[in-house]
Structures are given as structure tokens and as C-alpha cells.
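See structure below.
There are 2 protein chains.
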Amino acid sequence: MKKKKADLKDLFELSEFFKFFGDSTRIRIIEFLRQGEQSVLAIANYLEMGQSAISHQLRILRMANLLTFRREGKTIYYRLDDEHVEKIFQLGLEHILHKRGK
Amino acid sequence: MKKKKADLKDLFELSEFFKFFGDSTRIRIIEFLRQGEQSVLAIANYLEMGQSAISHQLRILRMANLLTFRREGKTIYYRLDDEHVEKIFQLGLEHILHKRGK
DNA sequence: TTTATATATGAATGTTTATTCATATATTCA
DNA sequence: TGAATATATGAATAAACATTCATATATAAA
Chain A
0 MKKKKADLKD LFELSEFFKF FGDSTRIRII EFLRQGEQSV LAIANYLEMG
50 QSAISHQLRI LRMANLLTFR REGKTIYYRL DDEHVEKIFQ LGLEHILHKR
100 GK
Chain B
0 MKKKKADLKD LFELSEFFKF FGDSTRIRII EFLRQGEQSV LAIANYLEMG
50 QSAISHQLRI LRMANLLTFR REGKTIYYRL DDEHVEKIFQ LGLEHILHKR
100 GK
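In the order they appear, the protein sequences are chains A and B. Residue numbering for the first sequence follows numbering that gives the first Met the number 0, starting at 0 and increasing by one per position. Residue numbering for the second sequence follows numbering that gives the first Met the number 0, starting at 0 and increasing by one per position.
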């Protein structure tokens, strides 16, 4: 793995990127969407949280280009939109499971 | 890459883990330490921030077992203490550089 | 066109958290 | 032992942010 040089702007952006993963609601949304696309209500039910809270978080992930969506009638289906998201999620998960010897 | 099952506790811990990367000061510390161990003052000078602010952040990273340190006289040298930290940093960096077409 | 359903969003609230300031601790040197 | 240097830490402050509530928008169905 070659080390790439990162300037101040890169590092700021990098921390902003990781911030998206640093919230348990968003992490749980990402984990759920690893199975494939899901509607807003399906996500809210799965997480046992209000629709509004989920919509707010989806907005954040969508604006970060981590999610895309498609509309089908009244329903909007969200899906993961970045291979890196899966990879980073997976690597982080491996880390904590390994650290815990699971 | 095999998908591992994650329960609620795992996901909460995972988001806590990513939180460490989701702050520009901590990300800059991690980036600086990729070169090798550095003293607290060296870090503070490099980031152009106060010693106290750096100490507080080092404490957080140390308690998360992302850093270790050794003492040499009055000076304490910190270093990265986890291969995953490097990997995740690198993967995240590749992500944002790629997205920007850099 | 009224009603019902799915989603989005602005404002308010409460909580978390990064930094600063003042001070404490630890080590070295005179 | 006293002064100087490196680091740590508690308390205070300010900024960021997640959730809730109320409401808006969009689509479909009656």
C-alpha cells in the first residue's frame, strides 16, 4: 500500500468523511443497506426509530454521496452508493471484532 | 471479503470507533504519526495548536488503544498502535482523493 | 377533489464534545 | 532543594449535532 500525501484540506475532508460513520444511527442504516435497497419506513421500523429522525440522517448520507435513491410511487428506496463505504465499514468491523477476539 | 454479522452492540462500538477518525485534530495527529513516533510538543508545533488541546486528544486516542507511548526523560513519545488505524486512514484517504479525481 | 400514505424539512431542545485556561504532576538540572 | 521543562487534567465555554415535533410536499387511491 503506497502512502499518499495529504494536505490540510484533504485531512479536513477525511475527518468529515469519517464523521458520517461516527454515529450509531447512520452506522446502523449503512449496515441495514448492505443487504440491498430499503424504503425509509422499512429502515425506521428496523431501527425502531421515528421516520423523521431517519429522514434527517438519510439526507446527510445522501448529500455525502454515500447513498442514492429511486422513487417508486410514494415509496423511496435508498441504497449504498459507494464501494468504499462497504469496505470501510467491513474493515472497521473486523477491527473491533478482532480486538474483542470474537 | 466475507460479510460478518454485527449485532447492536457491535454497531454501537463501531460508530464509537469511527468517531476517533471524525475529528480533524485527531486525523492530523494520526497522519503525523504515520511517519513514526513524536513527542507531544512536536505534535502541537506541527499542528500549530496548544499543548493542552493536543494532550486532551492524545488521551482520547490512547484510551482507545490507537496509540501507545514511551517516556524518555521529560519527553513522552506517542506512536500509532494498530495496523487497522493505518489501513482505515489509507482507505479513507483513497476514497476522498478518488472521489475528487486527484 | 378529498383522503390517505410516504417522505422531507425547519425550528427548538438537549446533549456531546473540542478547546482554552489554570493548575497539577513528573522529571531533569543547577 | 529549587527552578525549569514536558505533559496531564479538571472546569468552563462555545460550537456542533441528533432527535423530536409540527408541518410541508408528493403521489396514489377513492
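For every residue, glycine included, the Cβ atom is placed at its ideal position computed from N, Cα and C. In this text the structure is predicted, and so the values were computed from the model without any measurement.
Taking the CA atoms as reference points, E47/A sits about 40 Å from A5/A. Close to D22/B, with beta-carbon spacing below 9 Å, are these residues of chain A in chain order: S14, F17, K18, G21. E47/A sits in coil when the DSSP states are folded into three classes, being neither helix nor strand.
Across the set M62/B, Q89/B, E71/B, T24/B, the C-alpha of T24/B shows the shortest separation from the C-alpha of G49/B. Using a Cβ-Cβ cut-off of 9 Å, I87/B counts as an interface residue toward chain A, since at least one Cβ of chain A sits closer than that to its own. Nearest CB-CB separation between I95/B and chain A: below the 9 Å threshold.
In this structure the stretch 50 to 60 of chain A does not touch the stretch 51 to 67 of chain B; the number of beta carbon pairs closer than 8 Å is below three. Those residues of the stretch 70 to 83 of chain A placed with their C-beta closer than 7 Å to a C-beta in chain B are H83, ordered along the chain. Residue range 66 to 71 is occupied by the beta strand (DSSP E) that includes F68/A, with no alpha helix (DSSP H) assigned at that position. In the DSSP assignment, R27/A falls within the alpha helix (DSSP H) that extends over 23 to 32. Under the three-state reduction of DSSP output, R99/B falls in the coil class, being neither helix nor strand.
For E30/A, the number of other beta carbons within 10 angstroms of its own is at least 16, and it is reported as buried. In the assembly as shown, R27/A is a buried residue. Its beta-carbon has 16 or more other beta-carbons within 10 Å. Exposed is the label assigned to E71/A, since fewer than 16 other Cβ atoms lie within 10 Å of its Cβ.
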